[in-house]
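In my numbering, the protein residues as written are 8 to 153.
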Amino acid sequence: MIQDEEISVGQLAARSGAAVSALHFYERKGLIQSRRTSGNQRRYARSTLRRVAVIRAAQRAGIPLASVLEVFESLPADGVPDQGDWQRLSEAWRAEIDSRISLLEHLRDRLDGCIGCGCLSLASCGFVNPGDEWGSATTGAPGLDA
Numbered sequence: 008m009i010q011d012e013e014i015s016v017g018q019l020a021a022r023s024g025a026a027v028s029a030l031h032f033y034e035r036k037g038l039i040q041s042r043r044t045s046g047n048q049r050r051y052a053r054s055t056l057r058r059v060a061v062i063r064a065a066q067r068a069g070i071p072l073a074s075v076l077e078v079f080e081s082l083p084a085d086g087v088p089d090q091g092d093w094q095r096l097s098e099a100w101r102a103e104i105d106s107r108i109s110l111l112e113h114l115r116d117r118l119d120g121c122i123g124c125g126c127l128s129l130a131s132c133g134f135v136n137p138g139d140e141w142g143s144a145t146t147g148a149p150g151l152d153a
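Laid out in structure tokens, this is it:
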């Protein structure tokens, strides 16, 4: 890495909109990497900005960081996603995002009627889970998954 092409963690945070603590977390998880100066300060390649942008976009879409790391491992040696890489990443995540959208729409449409029988069979909730049949078989609100 050429020093003129490097930025500090503070500069990376300011440019990417990610907190310094988040950048340290991404580094611990292997999503980004830095080198240390003789004064033990982190220095990142400018190209790390693009990686952080991809990470943050994936997080906003609800993509787990483990999935992000998995696709980052398939990137070229320099690890900088280009337009073609982003296209492959977004296509790989499209089905997962569509599934999340469907689940959220289902949840939204049921919110004003029932919370999916996580109510422990209150007397007023006999229409979805009469007699608390699900209580002995599952936990949480299984009606929301239906």
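Ideal Cβ placement from N, Cα and C applies to all residues, glycine included.
Note that the structure is predicted; figures quoted are calculated from it, not measured.
Subject >> Own chain, CB closer than 6 Å to tryptophan 100, minus 5 neighbours either side, in chain order >> reply: Around tryptophan 100: Ile70.
Subject >> Where the alpha helix (DSSP H) containing serine 41 begins and where it ends >> reply: Neither: serine 41 is in no alpha helix (DSSP H) and is coded neither H nor E.
Subject >> As assigned by DSSP and simplified to three states, the class of serine 15 >> reply: Strand.
**OP:** State the start and end residues of the unbroken alpha helix (DSSP H) segment that holds alanine 52.
**Re:** Under the DSSP assignment, alanine 52 falls outside any alpha helix (DSSP H), being part of the beta strand (DSSP E) whose first and last residues are 49 to 52.
**OP:** Could you please give the first and the last residue of the uninterrupted alpha helix (DSSP H) stretch that includes glutamate 77?
**Re:** It spans 72 to 79 - the alpha helix (DSSP H) in which glutamate 77 sits, taken as one unbroken run.
Original post:
Leaving out the 5 sequence neighbours to the left and right, which residues in its chain are closer than 6 Å to valine 27 when beta-carbon positions are compared?
Top reply: Around valine 27: Val16 and Ala20.
Subject >> Alpha carbon of serine 54 to alpha carbon of aspartate 89, nearest angstrom >> reply: Using only the alpha carbons, I get a separation of about 10 Å.
**OP:** Determine, using beta carbons only, whether valine 75 and leucine 38 come nearer to each other than 8 Å.
**Re:** Between valine 75 and leucine 38, the C-beta gap is smaller than 8 Å, which places the two residues in contact.
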